[in-house]
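A.B. asks: I have a structure here, written as structure tokens, and I will follow up with some questions on it.
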């Protein structure tokens, strides 16, 4: 279901009169509340864990010849899997790049003094301004690749659809109905949807979280 359909489903299941909301720009009255509960629920589900599979992104950024610093993508990057940095040279050569925390980078002579050396990157850090910087300038154009997790998706138009698998979209309804039940002290609605929410969430956790924590990359907060 899309954003508007989710809001209408919540309205219907809560027993709220009418056929609205007519659009997702409504901000007042009970329809405004329903839309806000849907938005909040969607965000809270996405932020339950930072490493949901549906938030995972493979990044590939071009590093031009003679450069060593890169700006991050415009779309929000929430966390980076620090073990996943690699370079891809135009020759086809690939290699690992070791992530170094900026707190270490800024005091180590080999990073401070090595400001103009050309070569394939061995180390990378994240600067306070959120740029990536390598320990050497690129001898040729290359790509810096890494894995990470994006910021939560926001539904802003009526036709926007949640990014997690469709079989779990009902989680948004259940959670929004819990908010309705809490606001109006409708305990029966709250409890019924809490049970349904927990049951479906456990299924999404099984399918949308890494199965083996031993091989889950260590995540570093970004920005």
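Numbering (this note's numbering), first residue to last: 120 to 342. Note that CB positions come from ideal geometry on N, CA and C, so glycine has one too.
Does the Cβ of residue 201 have 16 or more other Cβ atoms within 10 Å, making it buried, or fewer, making it exposed?
C.D. replies: Classification of residue 201: buried, given that the 10 Å Cβ count is 16 or more.
A.B. asks: The alpha helix (DSSP H) spanning residue 266 covers which residue range?
C.D. replies: No alpha helix (DSSP H) holds residue 266; the beta strand (DSSP E) holding it covers 261 to 269.
A.B. asks: Keeping to the same chain, check which residues put their C-beta closer than 8 Å to that of residue 333; ignore five residues upstream and five downstream.
C.D. replies: Unreliable positioning characterises residue 333 in this predicted model, as indicated by a pLDDT of 39, which lies under 50. The coordinate reading is nonetheless provided below. Once the five neighbours on either side are set aside, residue 333 has no close Cβ partner at all.
A.B. asks: Does the beta-carbon distance from residue 177 to residue 266 come in below 8 Å?
C.D. replies: Contact flag set, yes.
A.B. asks: Assuming residue 160 is part of the alpha helix (DSSP H), what are its boundary residues?
C.D. replies: Segment 148 to 165, the alpha helix (DSSP H) holding residue 160.
A.B. asks: What did DSSP end up calling residue 327 once you bin it into helix, strand or coil?
C.D. replies: Helix at residue 327.
A.B. asks: Among the candidates 284, 316, 196, whose CA atom is the shortest distance from the CA of residue 245?
C.D. replies: Checking every option, the nearest Cα to that of residue 245 belongs to 196.
A.B. asks: Taking 8 Å as the limit between beta carbons, can you name the residues of its chain near residue 69, skipping five residues before and five after?
C.D. replies: In the structure displayed, the chain extends from 120 to 342; residue 69 sits before or after that span and is not available.
A.B. asks: Does the Cβ of residue 260 have 16 or more other Cβ atoms within 10 Å, making it buried, or fewer, making it exposed?
C.D. replies: The residue in question, residue 260, is exposed, as its Cβ has fewer than 16 Cβ neighbours within 10 Å.
A.B. asks: Please report the residue range of the alpha helix (DSSP H) in which residue 128 lies.
C.D. replies: Element bounds for residue 128: 122 to 132.
A.B. asks: By the DSSP assignment, the beta strand (DSSP E) with residue 252 in it spans what residues?
C.D. replies: Where residue 252 is concerned, the enclosing beta strand (DSSP E) stretches over 251 to 253.
A.B. asks: Please work out which residues of its chain come closer than 6 Å, Cβ to Cβ, to residue 164, disregarding the five sequence neighbours upstream and downstream, and give them in chain order.
C.D. replies: Contacts found: 290.
A.B. asks: Pick helix, strand or coil for residue 182, following the three-state DSSP scheme.
C.D. replies: Looking at residue 182 - three-state DSSP - the assignment turns out to be strand.
A.B. asks: Who pairs with residue 227 in a beta bridge, going by DSSP?
C.D. replies: Looking at the DSSP assignment, residue 227 forms no beta bridge with any residue, so it has no partner.
A.B. asks: Between the C-alpha atoms of residue 310 and residue 206, what's the straight-line distance to the nearest angstrom?
C.D. replies: Cα to Cα, the separation comes out at about 51 Å.
A.B. asks: Below 6 Å CB to CB, which residues in the same chain sit around residue 160 once its five sequence neighbours on both sides are set aside?
C.D. replies: Contacts found: 291, 294, 295.
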